[in-house]
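Only one structure is covered here, and it is reproduced in the block below.
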Amino acid sequence: MSRRKVSAIDLAGGTALALVAGFALLLLVAPSLIVIAVSFEPRGYIAFPPSGFSTRWYGQVLANRQLLDSIGVSVTTALWVTAITLLLGIPAAFASVRGTFAGKSAVNAFLLSPQMMPGMVIGIASLFFGAYFAFRASDQMLVLALSVFCLPFVIRIVMARLAGLDQRLDEASANLGAGALETFARVTVPQLGPAIIAAAAFTFIEAFDNVTVALFTSDVRGRPLAVELYYLVQYDNTPAIAAISAFEIALSFLVMIVIARTVGLDRIGRLS
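Here this note's numbering is used: the first residue of the sequence shown is 448, the next is one more, and so on.
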């Protein structure tokens with residue numbers, strides 16, 4: 448086969464691959480773009496394509512005290528869950544990768560098991576757990592359940608980063624007189640920076656947007672935004688729903704921008 452024919456085949460294959468990748472990307476992005484477009488519909492019902500351009504629904508969302516309170520609950524919950532999972536997940540990942548103890552495989556499987564279960568299962572289990580110990584649905588119960596659900600994400604990302612670190616740096620630190628805690632704080636943790644940022648970002652987004660766990664554990668007097676939106680969809684058909692969804696999309700996009708500027712999305716892909 449001549450070189451010209453090979454080049455033509457490579458060009459055709461590359462073009463076909465680009466078209467397939469572009470179509471797949473369009474399928475992923477199109478729903479979010481449609482939601483954002485619908486949020487500017489001036490009429491009082493959801494329609495696509497929108498008949499005009501209006502920001503009235505964003506104004507209604509900002510004037511709705513209940514929705515603003517729900518956003519506050521979601522942000523507070525996500526921050527607490529992120530902090531708890533990082534405090535527990537980083538040592539757990541370190542023990543899983545560097546530790547040597549009996550039953551290590553069983554412990555790893557136990558810590559990562561919530562990732563294998565649907566969120567609804569964890570939500571229902573948390574509901575029965577609270578009922579058994581006379582704990583009612585509350586902000587604390589919501590944080591606890593979401594922490595259990597999100598902990599495996601932190602452990603897996605940090606484990607992937609730890610497995611790729613050069614342990615000779617820790618050994619060099621120990622040879623220079625540093626203790627185990629000092630080596631961990633001054634040598635290991637700085638190298639875990641990209642993994643910690645990635646784990647914190649993904650945990651925050653998941654805790655903020657989660658509805659399957661929050662539906663069973665949140666307090667009816669202070670529901671997070673995802674649960675509030677779930678109930679709103681059942682009784683409301685105005686573009687205000689799309690405006691709230693557009694806010695969540697923008698938040699996720701903002702987090703991705705922060706990660707891209709501070710760590711780099713290519714490094715996050717290698718970690719996960």
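Built from N, CA and C at the ideal position, the CB exists for glycine as well.
- Under the three-state reduction of DSSP, glycine 469 is assigned to helix.
- The three-state reading of DSSP puts proline 489 in coil, since its state is none of H, G, I, E or B.
- Going by C-alpha positions, phenylalanine 487 is about 23 Å away from valine 674.
- Counting only the Cα atoms, alanine 646 lies some 17 Å from serine 543.
- The shortest CA-to-CA distance from alanine 687 to any of Ile483, Phe470, Asp656 is the one to Ile483.
- In the structure shown, serine 543 adopts helical secondary structure according to DSSP, grouped into three states.
- For asparagine 555, the enclosing alpha helix (DSSP H) has its first and last residue at 551–559.
- Annotated three-state conformation of arginine 608 is helix, per DSSP.
- Across the set Val485, Trp504, Arg503, the C-alpha of Val485 shows the shortest separation from the C-alpha of proline 496.
- In the assembly as shown, arginine 670 is a buried residue. Its beta-carbon has 16 or more other beta-carbons within 10 Å.
- Between the C-alpha atoms of phenylalanine 631 and lysine 551 there is a straight-line separation of about 21 Å.
- In the DSSP assignment, phenylalanine 655 falls within the alpha helix (DSSP H) that extends over 640–656.
- Distance from the CA of proline 599 to the CA of proline 561, rounded to the nearest whole angstrom, comes to 7 Å.
- In the DSSP assignment, alanine 627 falls within the alpha helix (DSSP H) that extends over 627–630.
- Each residue's CA atom was taken as its position, placing threonine 523 and methionine 563 some 26 Å apart.
- Distances from the alpha-carbon of phenylalanine 575 to those of Leu466, Pro478, Thr664 put Thr664 closest.
- In this structure, DSSP gives asparagine 511 a state outside helix and strand, which the three-state scheme calls coil.
- Taking a cut-off of 8 Å for Cβ pairs, the stretch 688–704 and the stretch 650–666 touch, as three or more such pairs fall below it.
- In the three-state reduction of the DSSP assignment, valine 476 falls in the helix class.
- In terms of Cβ geometry, leucine 616 and phenylalanine 541 do not form a close pair [threshold 8 Å].
- Alanine 556 and arginine 490 have their alpha carbons spaced roughly 52 Å apart.
- Contact between the stretch 464–471 and the stretch 678–695 is absent: fewer than three C-beta pairs spanning the two stretches fall below 8 Å.
- For glutamine 681, the enclosing alpha helix (DSSP H) starts and ends at 672–682.
- By the Cβ-count criterion, phenylalanine 548 is exposed, with fewer than 16 other Cβ atoms from all chains shown falling within 10 Å of its own Cβ.
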